[in-house]
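> Numbering (the numbering used here), first residue to last: 14 to 244.
Don't be surprised by glycine CBs; every beta carbon is placed ideally from N, CA and C.
Only a predicted model underlies this, so the values are computations on that prediction, with no experimental measurement involved.
Sharing a structure here in structure tokens format.
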């Protein structure tokens with residue numbers, strides 16, 4: 014009787030989701046706070062929109078650049094540690110071999126069996142190096158395209174999130190009406206964003222949505238309070 018093949022499904026887009034979370038959460042809260050703060054100081058919606066769009070442009074560039082530099086730093090750190098491990102394998106092979114044995118034994122491998130694995134690894138320096146990078150240092154080889162992709166993902170997410178609280182100021186008749194609609198839209202967007210994030214990451218969608226609304230709402234309220242106090 015033929016057996017159904019076992020196919021494991023694991024979510025592997027954690028880095029992309031993290032970038033979207035960073036960009037979208039800031040994009041929803043910061044422009045909202047700016048627009049809300051200005052609502053109490055100016056009567057013209059076009060001023061709020063102009064200031065909001067300027068902030069979205071500046072914020073998306075700054076956030077995207079931050080994501081790019083962070084990814085580049087990770088890549089440079091990995092390259093530095095990779096070179097160090099390669100050097101230690103050549104200059105201190107016995108010490109490195111003992112470290113491999115200790116790591117294997119920490120996973121329940123018997124000393125004699127660990128010795129066999131160590132002997133095999135010593136014949137494959139690249140495999141040995143990669144083993145040490147992953148299991149001694151906990152480092153995975155970064156995607157060389159990660160930095161640019163991270164920058165674009167964060168920037169785009171910030172722009173999308175930032176436009177949500179500004180749209181009411183483009184369409185509503187008064188600033189007060191726009192503020193009310195903006196609050197509702199921002200909270201709704203946070204809920205939908207949290208729900209989708211939960212679906213992608215395997216968390217319970219409703220719980221993720223409520224947490225996102227709570228955390229994002231508190232952040233937006235705090236930023237709004239500060240902006241209103243200053244204005």
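1. From residue 120 to residue 113, what distance separates their C-alpha atoms?
2. Could you give the distance in angstroms between the alpha-carbon of residue 175 and the alpha-carbon of residue 81?
3. Ignoring anything shorter than 4 residues, give me the alpha helix (DSSP H) runs that lie fully in the segment 121-166, in order along the chain.
4. Do you know how far the Cα of residue 39 is from the Cα of residue 139?
5. Cα-Cα, which of 45, 49 and 211 is closest to residue 34?
6. Confirm, please, whether the CB-CB distance from residue 226 to residue 200 is below 7 Å.
7. Within 10 angstroms of the Cβ of residue 142, are there 16 or more other Cβ atoms? Answer buried if so, exposed if not.
8. Let me check understanding here. Comparing Cα to Cα, which of 61, 203, 222 and 146 lies closest to residue 109?
9. So, for residue 43: in the same chain, excluding its five sequence neighbours on each side, which residues have a beta-carbon less than 8 Å away from its beta-carbon?
10. What three-state label does DSSP hand residue 30 in the structure shown?
11. For the candidate residues 83, 45, 182 and 185, whose alpha-carbon lies nearest to that of residue 202?
12. Spatial neighbours of residue 118 within its chain, please: C-beta separation below 8 Å, excluding the five flanking residues on both sides.
13. For residue 94 and residue 165, which I take to be in contact (beta-carbon distance under 8 Å), what is that distance rounded to the nearest angstrom?
14. Residues in its own chain within less than 6 Å of residue 208 by CB, not counting five upstream and five downstream?
15. Taking the alpha helix (DSSP H) that residue 58 belongs to, which residues open and close that run?
So, to answer that:
1. Roughly 11 Å between the two C-alpha positions.
2. Each residue's Cα considered, the two are about 20 Å apart.
3. Correct list: 124-135 and 138-148.
4. Going by the C-alpha atoms only, they are around 41 Å apart.
5. Checked all of 45, 49 and 211; the closest Cα to residue 34 is 211.
6. Pairing residue 200 with residue 226 gives a Cβ-Cβ distance under 7 Å.
7. Under a 10 Å Cβ-count criterion, residue 142 is classified as buried, with 16 or more other Cβ atoms of the shown protein chains found around its own Cβ.
8. Closest by alpha carbon: 146.
9. Here the set comprises 68, 72, 175 and 236.
10. Taken through DSSP and simplified to helix, strand or coil, residue 30 comes out as helix.
11. For residue 202, the closest alpha carbon among the candidates 83, 45, 182 and 185 is that of 45.
12. Counting only Cβ-Cβ distances below 8 Å, and skipping sequence neighbours, we find 124 and 127.
13. Not confirmed; about 27 Å, so no contact.
14. Non-local beta-carbon contacts of residue 208 in its own chain, meaning distances under 6 Å to residues more than five positions away in sequence, involve 218 and 222 in chain order.
15. Run containing residue 58: 58-104, per the alpha helix (DSSP H) assignment.
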